[in-house]
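Residue numbers (UniProt numbering): 1 to 103.
Here it is, written out as C-alpha cells:
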C-alpha cells in the first residue's frame with residue numbers, strides 16, 4: 001500500500017504513525033506489508049494523512065523491465081509507461097506524449 005510512502009513523506013516511524021492514528025504498531029506493519037485493512041483502519045489512516053480513502057486502496061503496478069512481455073511491448077508503450085512520473089504535475093498525470101519524428 002501507499003501508506004509507507006505517505007509515512008516516509010512525513011518522516012514518521014511506524015511507531016509515530018501508530019500513536020498519531022490510534023492504531024496498533026502491528027496494524028501499521030500489516031498494512032504496510034500489503035495485508036487487507038479494515039474500513040476503520042483505512043478511515044483512520046486517511047484522516048491522519050488528509051487523503052481520500054481511495055488513495056490508500058489504489059493498486060501500485062510494478063513493471064519488470066527484464067520480463068519478456070515487457071520487452072515485446074512497442075517502444076512507444078514502454079516510453080509512455082516509464083515517463084508518466086515525469087509528466088506528473090501537482091498530483092495529476094498529464095497524459096501527453098511528445099514525439100519528434102524526422103522524415
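Where is the CB? At the ideal position from N, CA and C, for every residue including glycine.
query = What are the boundary residues of the alpha helix (DSSP H) that residue 3 is part of?
reply = By 1-based counting over the chain shown, the position of residue 3 is 3. Where residue 3 is concerned, the enclosing alpha helix (DSSP H) stretches over 3-9.
message = Please state the DSSP three-state secondary structure of residue 65.
response = For the purposes of this step, residue 65 is taken as residue 65 along the chain shown, with counting starting at 1. Three-state result, residue 65: coil.
ask   = In or out: residue 88 buried (at least 16 other Cβ within 10 Å) or exposed?
value = Walking along the chain shown from the start, residue 88 turns up at place 88. Note that residue 88 scores 44 on pLDDT, short of 50, meaning its location in the model is unreliable; the coordinates nonetheless yield the value given after this. Its Cβ having fewer than 16 others within 10 Å, residue 88 is exposed.
query = Taking all protein chains shown into account, do 16 or more other C-beta atoms lie within 10 angstroms of the C-beta of residue 19, making it buried, or fewer, making it exposed?
reply = Stepping through the chain shown from its first residue, residue 19 is reached at position 19. Residue 19 should be labelled exposed.
key: Nearest-angstrom Cβ-Cβ length linking residue 53 and residue 43, presumed shorter than 8 Å   = Taking the first residue of the chain shown as position 1, residue 53 is located at position 53. Taking the first residue of the chain shown as position 1, residue 43 is located at position 43. That pair is a contact at about 7 Å.
Distance, residue 79 Cα to residue 72 Cα = Residue mapping note: residue 72 aligns to position 72 of the chain shown, counting from 1. Residue mapping note: residue 79 aligns to position 79 of the chain shown, counting from 1. Whole-angstrom Cα-Cα distance: 13 Å.
key: Simplified DSSP assignment, three categories, for residue 34   = Here residue 34 refers to the residue found at position 34 when the chain shown is read from its first residue. Three-state result, residue 34: coil.
task = Assign residue 25 to buried or exposed, taking buried as 16 or more other Cβ atoms, counted over all protein chains shown, within 10 Å of its Cβ.
result = Walking along the chain shown from the start, residue 25 turns up at place 25. The residue is exposed, with fewer than 16 neighbouring Cβ atoms inside 10 Å.
task = Over the uninterrupted alpha helix (DSSP H) stretch that includes residue 58, give me the two end residues.
result = The sequence position of residue 58 within the chain shown is 58, counting from 1. Here residue 58 belongs to no alpha helix (DSSP H), and DSSP marks it neither H nor E.
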